[in-house]
């Protein structure tokens, strides 16, 4: 009978040890999955930051191009306006001269 009690205790011990080992392995696997997920999240954050920086640089470049184009257009319009004002001044002077004489 003593052997039977020892066998039962050893069986309980083995089952408990097996369950604890399984839980420990599951915990290690879960910790590893969390570690991998954090690494992947960090990589995604870096990719997002890189993409955002590239998008900002592209937008800055496009805005600079548009600004230059607008400034050039304003300069052209200003030149055309000055020329037209000069032409009108000549016409008005000619009319004034005609009216004087």
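In this note's numbering, the protein residues as written are 204 to 304. From the three backbone atoms N, C-alpha and C, an ideal C-beta is built for every residue, glycine too. Since we're looking at a predicted model, the values are computed, not measured.
Item: Give the DSSP-derived three-state secondary structure of residue 267 in the structure shown.; Value: helix
Item: In this structure, how does DSSP classify residue 304 when only helix, strand and coil are distinguished?; Value: coil
Item: Can you give the Cα-Cα distance for residue 306 and residue 243, rounded to whole angstroms?; Value: The structure shown does not extend to residue 306, since the chain is modelled only from 204 through 304, so no value can be given for it.
Item: Express the C-alpha separation of residue 245 and residue 261 in angstroms, rounding to a whole number.; Value: 24 Å
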